[in-house]
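The block underneath contains the structure these notes are about, expressed in structure tokens.
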Amino acid sequence: MKDYMKEYEEHLNNITKDVLNEAFESTPLEKKLANYGRILMDQAVTTKDDALSNLMSKVGDQLTNWGTTYGASSLEELVKKTGATPNVIKKMLAFAEKIAQTKGDLKSDNADGGLDDEGDDEFTNPADDEMAAMKADQAARDARR
913 MKDYMKEYEE HLNNITKDVL NEAFESTPLE KKLANYGRIL MDQAVTTKDD
963 ALSNLMSKVG DQLTNWGTTY GASSLEELVK KTGATPNVIK KMLAFAEKIA
1013 QTKGDLKSDN ADGGLDDEGD DEFTNPADDE MAAMKADQAA RDARR
């Protein structure tokens, strides 16, 4: 027996797919600001200054809602909704951007073969004294046998 409800839902999804994707698709700016907002909210948890932590949370929350019906769509609106000065908001955005850049660099380094893919630092080859200590340990173990 056919499952008419399932067939109806599939047909409805096919009809509305393009309309819904266009209606709810975020712009690159909205995606970027939402990412910065999440970063600020994450950093607010570890910030020891309660007032700064609360302000970071407010600004971060508003950034995740940027351009939505209830969210801010300009710096002036963001100032009104959060109570932060434009200068403080700009500093928070710069802070979040640095963290986002660092995370992006780490992902890129990891995708390219690991964080230490250059092989030119002091950690790739053991130091001479470490080698001597390892040889001494091995000789002591051999002598005990």
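Plus 912 on top of the position in the sequence shown (first one is 1) and you've got the numbering used here. For glycine and all other residues, C-beta sits at the position ideal for the given N, C-alpha and C.
Original post:
Which stretch, first to last residue, makes up the alpha helix (DSSP H) that contains Tyr948?
Top reply: 940-958
Original post:
Straight-line CA distance for Glu1009 to Asp962?
Top reply: 22 Å
Original post:
Among residues of its own chain, excluding the 5 on either side of Leu939, which ones have a beta-carbon nearer than 8 Å to its beta-carbon?
Top reply: Note that residue 939 corresponds to Thr in the displayed sequence, not to Leu. Within the same chain, Thr939 has close Cβ partners Gly979.
Original post:
Hey, how far is the Cα of Lys1002 from the Cα of Lys993?
Top reply: 15 Å
**OP:** Could you tell me the distance, in whole angstroms, from the CA atom of Leu987 to the CA atom of Leu1018?
**Re:** 31 Å
Original post:
So Ser985 is in the alpha helix (DSSP H); what residue range does that whole segment cover?
Top reply: Counting along the chain, Ser985 falls outside any alpha helix (DSSP H), and DSSP gives it neither H nor E.
Original post:
Under the rule that 16 or more other beta-carbon atoms within 10 Å means buried, what is Gly995, buried or exposed?
Top reply: exposed
Original post:
What are the boundary residues of the alpha helix (DSSP H) that Thr976 is part of?
Top reply: Counting along the chain, the unbroken alpha helix (DSSP H) around Thr976 starts and ends at 962-976.
Subject >> Pick from Leu975, Glu919, Ala984, Ser985 that is closest to Arg950, judged by C-alpha positions >> reply: For Arg950, the nearest C-alpha among the options comes from Leu975.
Original post:
Can you check whether the CB of Gly972 is closer than 7 Å to the CB of Met953?
Top reply: yes
Original post:
Which residue's Cα is closest to the Cα of Thr955: Lys944, Lys970, Ala1045, Glu942?
Top reply: First, the residue type needs correcting, since residue 955 is Gln and not Thr in the sequence shown. Comparing Cα-Cα distances from Gln955 to each of Lys944, Lys970, Ala1045, Glu942, the minimum goes to Lys970.
Original post:
On the premise that Asn947 lies in contact with Ala1012, defined as a C-beta separation below 8 Å, what is that separation, rounded to the nearest angstrom?
Top reply: Yes, they are in contact, since the Cβ atoms of Ala1012 and Asn947 sit about 6 Å apart, within 8 Å.
**OP:** Under the assumption that Met968 contacts Thr959 (Cβ atoms under 8 Å), give the Cβ distance between them as a whole number of angstroms.
**Re:** 6 Å
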